[in-house]
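Working notes, beginning with the structure itself.
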């Protein structure tokens with residue numbers, strides 16, 4: 001295993017660990033619990049699930065894999081705050097889309113050659129990337145793992161204590 | 163910049179970004195707000211601050227830098243759940259210790275040669291490390307950045323909305 005392979009392995013382990021941990025939280029929450037606010041006046045669980053799904057969906061173009069699959073989620077769960085849009089999807093539908101978008105990402109991760117992880121993501125130009133080689137695809141993966149952990153900490157508050 | 167230098171830069175950027183983001187949340191919270199639960203029946207802000215400080219303090223021995231500075235925090239904020247121990251430190255004191263432990267870590271990070279980041283952390287034997295080279299010091303840094311993001315998401319719930 002060379003240096004780059006090692007680092008990709010570390011980052012993918014962290015990513016996979018986060019997706020698993022969120023799935024673990026979601027498995028413990030009923031659809032009704034996800035309709036509740038994580039704290040008084042704060043985002044509902046369904047909003048956070050939609051937000052995470054939308055942000056992961058946006059990784060598809062950001063990592064230069066393919067177009068986003070669920071643009072409608074971005075309007076409801078990235079551009080708008082919770083409760084701003086009346087027409088939001090059902091929790092059951094979001095659970096399916098969350099699973100699908102993460103599977104789609106994994107499909108691309110598995111195929112991506114190691115060196116390609118260290119090429120630019122879609123939001124930096126080739127010129128700027130020469131100066132800032134840390135703004136690569138692998139950095140997006142790590143940044144989004146950190147982001148998902150942030151909201152996992154909030155979702156976990158919905159789990160009923162014994 | 164060689165591959166390893168690039169990875170270390172990426173990981174340190176992520177770490178520093180998390181510490182800055184938590185400081186940003188703490189700056190917005192009064193001591194009184196930190197005494198509140200982040201959600202009904204859940205951990206108080208002070209507990210999360212103590213927990214984060216204790217976990218970062220434990221990185222000092224885990225990264226093989228030096229002994230932990232605040233063992234008393236581990237008893238109150240790692241081994242015990244919130245409200246289990248009556249004698250807990252003041253928020254003002256924890257704010258100082260949080261700052262100090264992160265400065266101490268940075269001091270060591272700055273001195274650590276790049277190659278040393280890819281050596282084992284204290285909780286894995288030299289034999290096992292040969293099989294699992296991803297369990298290195300840099301991986302601890304990334305894992306703890308993800309951990310701190312989890313609790314930052316909870317602390318942020320204490321910020322008063324306008």
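Residue numbers (my numbering), protein chains in the order written: chain B, 1 to 162; chain L, 163 to 324. Where a beta carbon is used, it is the ideal one built from N, C-alpha and C, also for glycine.
Sequence-distant Cβ neighbours of residue 109 (chain B) in its own chain, meaning closer than 6 Å and more than five residues away, do not exist here.
The Cβ atoms of residue 94 (chain B) and residue 53 (chain B) lie closer than 8 Å to each other.
Under the DSSP definition of a beta bridge, residue 199 (chain L) partners with L:206. Straight-line measurement puts the Cα of residue 233 (chain L) at about 18 Å from the Cα of residue 285 (chain L). Here residue 244 (chain L) really is in contact with residue 206 (chain L); their C-beta atoms are around 6 Å apart, less than 8 Å. Inter-segment contact for the stretch 183–196 of chain L and the stretch 248–263 of chain L is present: three or more beta-carbon pairs are separated by less than 8 Å. Listed along chain B is no residue with a C-beta nearer than 9 Å to that of residue 178 (chain L); the closest approach is about 12 Å.
The C-alpha of residue 42 (chain B) is placed about 23 Å away from the C-alpha of residue 213 (chain L). According to DSSP, residue 282 (chain L) shares a beta bridge with L:298.
Interface criterion not met: the Cβ of residue 221 (chain L) is under 8 Å from no Cβ in chain B.
When 8 Å is used as the limit between beta carbons, residue 133 (chain B) is near these residues of chain L: 163, 168, in chain order. Residue environment: residue 84 (chain B) is assigned as exposed (fewer than 16 neighbouring CB atoms within 10 Å of its CB, all protein chains considered).
Under the three-state reduction of DSSP, residue 310 (chain L) is assigned to helix. Of B:48, B:65, B:23, B:64, the smallest CA-CA separation from residue 74 (chain B) is found for B:48.
For the stretch 204–217 of chain L, residues whose beta-carbon sits nearer than 7 Å to a beta-carbon of chain B comprise 204.
Residues 264 of the same chain have their beta carbon placed closer than 6 Å to that of residue 181 (chain L), with the five preceding and five following residues left out of the count. Residue 139 (chain B) has its alpha-carbon roughly 23 Å from the corresponding atom of residue 79 (chain B). Relative to residue 142 (chain B), the option among B:14, B:9, B:160 whose CA is nearest is B:14. In terms of Cβ geometry, residue 314 (chain L) and residue 200 (chain L) do not form a close pair [threshold 8 Å]. Distances from the alpha-carbon of residue 166 (chain L) to those of L:197, L:274, L:218 put L:274 closest. Linking residue 164 (chain L) to residue 225 (chain L) through their CA atoms gives a straight-line distance of about 23 Å.
The Cβ-Cβ distance between residue 154 (chain B) and residue 178 (chain L) does not fall below 8 Å. In this structure, DSSP gives residue 258 (chain L) a helical state, which the three-state scheme calls helix.
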